[in-house]
Structure formats: structure tokens, C-alpha cells
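Line by line, the protein sequences give chains A and B. One gets the working numbering by counting positions in the first sequence from 1 and adding 1396 to each. One gets the working numbering by counting positions in the second sequence from 1 and adding 271 to each. Ideal Cβ placement from N, Cα and C applies to all residues, glycine included. What follows is a single structure, written as C-alpha cells, with notes after it.
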Amino acid sequence: MSPHKHPPSLFRPQALPNRSVLTENKKLIDTVSRRNVLRGTLSLGALTLLSGCDVTEEAPVQSFLRTVSAWNDRVQGVLFRPDHLAPTFSPAQVVKPPRFNAYYPIEEVKPVDGATWQLELAGRIANKQPWTAQQIYQLPEQELIIRHICVEGWDYIGQWSGPNLKNFLQRIGADLAAKYVYFHCNDDFTESIDMAAALHPQTILATKYAGDIITDPFGFPLRLRTSTKLGYKNAKWIRAIEVSNTFTETFWSKQGENWFAGI
Amino acid sequence: MHPPPVRAMHWINAVAIFIMIGSGWKIYNDDVILGFLHVPDFLTIGKWAQHGLQWHFFGMWIFVLNGLAYLSYGIASGRFRHKLFPISPRELLKTIGDALRFRLAHDDLTHYNAVQKIMYLGVMAVGVLIVISGLSLWKPVQFSELADLFGNFQTIRVVHFLCMAAIVAFILVHVTLALLVPRSLVAMLTGGPVVSPDGGPAAGAKARAAG
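Pasting the structure below:
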């Protein structure tokens, strides 16, 4: 092969386009300036850098990621060990007060009036008679000194006490074979957990922290504390408990957080 | 020198690592370990932290399944044994000396020098550790036996973070060297030089993979 003769490029078109296209679109072509093309290329380059953030919220991408998240829910359900206990700690390790977390800052907490508050019951429950705070305080208490793990990455040891949720569900005649337990809260917040987690021995309806009645920012008068879920599943300021077989997206799952959120 | 399964798994891993690191940085930014270190947003994947988590818990499947396939293949085919062992301390010192004097020989791509062997083995060990620490972070209660190996929850986060840092350091060296010796990059795309039949057991591994 002669060194000076190059074979035709693979990328060169076999036939040239009809040149009349150039005259027909003369006006458009005149507006194409090198400066604008360069500027356009720059923005295109910048867009590829940003694509990591932008592409996530595109409907098909988000739909795919949520399908994976739902698959991960099922995997977590299989991994869940109903009788396996989370590590517990000594009273000396307890952080006081607990760390505040909600979807708004602590100043915006709207305290619940414990005198008029009632716990409502709904769904697959035989005895839907509401409960006052005083009635709940009279139930047998269970104390848990467990680690609270936030999805953000921080954690602390907390000392919670109140009635065991499984005992409470049995007492009110809830359908323990149902799939979900929903917690509807005073701050328009709803979270739900799977029945297996609700029946776990370390899942309680907490009324006290470190031996004292829970204060307003931490869920007075009633909140959920379970050792097997991330922090955001532990609903505070509960106003109603509902047992159901129907899955409804919850406050955080609507935002794209994982629903099962098991730890 | 790189049979098709190795090339496929290498590039699948590259995509998985890209997703895991980008989304991991997004998750990290939500509650930083080092107060002065926030990853710039344009380097992260996902709009908000929950999207970073969505990507991370998608990417983990690719990374873990592909990683298991790669390790099984490397062990079963004998590729690891023949390409990464033995490592002689004398060769290691010589390679380091050559590298410092910019006299590193790379005319034979099919033969890894002692530093390469240690880097590849090391990054595989870090890959295993990042998965173990990741599982411990994801399921500190269900896998409490695993989590207990590390001590408290924040220690697991630091281990996971340091593994990431080690992998990023590896990638910087790995990509820089691949670009300096472009033939090695081409080899990971096309398979590279054919190992002659008398080139030892590595050739046998290739033949088996091709068959």
C-alpha cells in the first residue's frame, strides 16, 4: 500500500447532499456564527456535567429507581429476622435530651394538648374505642435502650419506654395477619411499617424518655420506637393507628426515601 | 491477555463504581464525617440525598453481583494465581526503584510487575471490605454479627469512607497510568496481545474462557 494514498474515510458520505439545501436555508445559515456554536457547545458540555443531578428526576429514571427501591423493600422483608434483637446499651450511654428530627425545625413544633388528646384506631381492629393518655400510661411498660440511626448518617443511644406494640395490637383485637400498620400524626405526617416489624419484641409505643414523660419536640404524648427501622419511620405525635392490607405511599416514601427502611 | 468475560466485568465494574462513588458522595454530604469536606454538588449523583440513596441501592446490586462473578472467575480460571502471584519482595523493591527513576518497563503488558500485583490485590481486598462495611451500615441490626466486627456505627461509616478514599486513589493512579500507556487501555477493550500457547497457564485460562 502506498504510504501517501489514504483510503477514503469511513465517515465520508458516499454521495454528496443536494446543494440546493444551502440556498433554500440561506437565512438560517447566516445566523450560525462560530461564536454561538462555541457557546452552545460549552453549555452542552456543562449539561453533561450536571446530568448526574438532572437525569435523576426525569420521570422514567425516577420510575426505574423507585422500582428498584420497591424490590429492595422485598429483599429487606426476606432478610428481616423476627426474633433477632438489636443491641441494647447501658443507661450511662443515653444521650439527654434526645436529638431532634422532623421535616421542619424544632421552633415549628406544635405541642399536643395531652388533656384532650385521644389515640384513634382504624382499619382491621376489633375494638376501635379511642384511648386517652392516662389509659395508655396504665398499660405495662417496656424499656428499650437502643440506637437511633438516622438515614443521614448520625446516631445516638436513647432510652425509651411505653407499651409494647404487639401487646397493644393484641389488646385492641387488631388483625395481626394484616400487612401494614399506619401511624397518622398530628403534624400531617403518616408513616407505616410492615406487620413483622410491628410485632418485633423491640417495637413500642413510647410515652417516656429516660424515665420521664416525653417532651413536646420528641413526640408527646405518643410516638413509635422500633429498633429495626431508620429514624424517619418512628412516627411522633401519633393521633391514630390504622391496620390495613392496602399499601399507601407515606410521607417519606413520597419524597423518594425507601419505604421499608429496615436496619 | 484479557479474555472477553474479564473485559466485560471490568467495564461493568467501572459503571458500577461511578454510580456508587457519585451517589455515595451525595449521601455523605447529608451528614459529613470531616467537617471541612463537602463534595461539590456537580460531582455527586442524585438531586437530593434520597436520590443518592436510590442510586446507591441500585448500584450496589451491579457492584456486588459483578464483583462476585469477577472474583469467582478469577479464582476458578486460575487467572489470579497466574497473573498476581508470586510476589517477590526483591522484585517489589526493584519495581519501586524503577518507578522512582521513571524507568518502569511496560513493553510486556501481559506481565504485571510487583507493584501492579499488590495494587490489584489491594483494591480487590478494599472492594470486599467496602461491601462488608456497606452491608453493616445498611443492616446494623439484621447483620449485627457483621456490624459488631467494627465496633460502633460511626466506626463503620469511617471504614466505608476510607475504603472509598482508597478506591478513588487507586482509580486516579490506574487511569493516569492507563492513559500514559494507551496500549493497556486498548487491551482492556480489544483483549490485547494474544498470549502464546507456551506462555504458561495464563494462556490456558484464556483458551478455556474462549472455549
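Hey, quick one: how far does the beta strand (DSSP E) through residue i stretch, first residue to last?
i: A:V1577; result: 1576-1581
i: A:A1518; result: 1514-1519
i: A:I1634; result: 1634-1640
i: A:T1586; result: 1586-1590
Spell out the partners DSSP gives residue i in its beta bridges.
i: A:L1601; result: A:L1620
i: B:R372; result: Paired residue(s): none; B:R372 is not in a bridge.
i: A:I1541; result: A:Q1555
i: A:N1560; result: A:I1600
i: A:D1608; result: A:Y1605
i: A:G1615; result: DSSP output for A:G1615 lists no bridge partner at all.
i: A:K1625; result: A:G1658
Tell me the residue span of the alpha helix (DSSP H) that contains residue i.
i: A:R1484; result: A quick correction: the sequence has Thr, not Arg, at residue 1484 of chain A. Element bounds for A:T1484: n/a, residue is neither H nor E.
i: A:D1571; result: Unbroken run through A:D1571: none, as it is neither H nor E.
i: B:H353; result: 350-355
i: B:I403; result: 385-409
i: B:E416; result: 415-418
i: B:F329; result: 320-347
i: B:A279; result: 275-301
i: A:D1469; result: 1455-1475
i: A:F1647; result: 1647-1650
i: A:Y1533; result: 1529-1533
For residue i, is the classification buried or exposed, using 16 other Cβ atoms within 10 angstroms of its Cβ as the cut-off for buried?
i: A:K1524; result: exposed
i: A:D1590; result: buried
i: B:P411; result: buried
i: A:M1397; result: Annotation note: pLDDT 40 at A:M1397 (below 50); position unreliable, no value reported.
i: A:C1449; result: Annotation note: pLDDT 48 at A:C1449 (below 50); position unreliable, coordinate value reported separately. Its Cβ being crowded by 16 or more others within 10 Å, A:C1449 is buried.
i: B:H309; result: exposed
i: A:S1447; result: The predicted model places A:S1447 with a pLDDT of 49, which falls under 50 and marks its position as unreliable; any figure quoted below should be read in that light. Flag for A:S1447 reads exposed.
i: A:N1641; result: exposed
i: B:G293; result: buried
i: B:H377; result: exposed
i: A:I1610; result: buried
i: A:E1653; result: buried
i: A:I1659; result: buried
i: A:F1460; result: exposed
i: B:S343; result: exposed
i: A:A1522; result: exposed
i: A:I1637; result: buried
i: A:S1588; result: buried
i: A:L1381; result: As displayed, chain A neither begins before 1397 nor continues past 1659, which places residue 1381 of chain A out of reach and without an answer.
i: A:F1585; result: buried
i: B:G330; result: buried
i: A:P1502; result: Per the sequence shown, residue 1502 of chain A should be read as Ile rather than Pro. Its Cβ having fewer than 16 others within 10 Å, A:I1502 is exposed.
i: A:V1639; result: buried
i: B:R361; result: exposed
i: A:P1342; result: Outside the shown range of chain A (1397 to 1659) lies residue 1342 of chain A, about which nothing can therefore be said.
i: B:V277; result: buried
i: B:S404; result: buried
i: B:T461; result: exposed
i: A:S1416; result: exposed
Throw me the rounded Cβ distance for the residue i and residue j pair, which I believe falls under 8 Å.
i: A:R1635; j: A:C1546; result: Incorrect: roughly 23 Å between the Cβ atoms, too far for contact.
i: A:Y1533; j: A:T1603; result: 6 Å
i: B:G345; j: B:N284; result: That belief does not hold up - the Cβ atoms of B:G345 and B:N284 are roughly 12 Å apart, past 8 Å.
i: B:H431; j: B:I401; result: 6 Å
i: B:A320; j: B:I298; result: 6 Å
i: A:V1490; j: A:Q1530; result: Contact flag wrong, Cβ pair sits at about 26 Å.
i: B:S415; j: A:P1483; result: 6 Å
i: A:Y1576; j: A:F1643; result: 7 Å
i: B:V394; j: B:F441; result: 5 Å
i: A:L1565; j: A:A1594; result: 7 Å
i: B:Q269; j: A:S1465; result: No statement about residue 269 of chain B is possible, as the shown extent of chain B runs from 272 to 482 and does not include it.
Tell me whether residue i counts as near the ligand HEM, meaning its Cβ is closer than 6 Å to at least one heavy atom of that ligand.
i: B:N423; result: The ligand HEM is absent from the structure shown, which contains no ligand whatsoever.
Any Cβ of chain D within less than 7 Å of the Cβ of residue i?
i: A:N1582; result: This model lacks chain D altogether; the protein chains it does include are A and B.
Notebook entry, point to check: Which runs of the alpha helix (DSSP H), 4 residues or longer, sit entirely within the stretch 432-467 of chain B?
Noted result: 453-461
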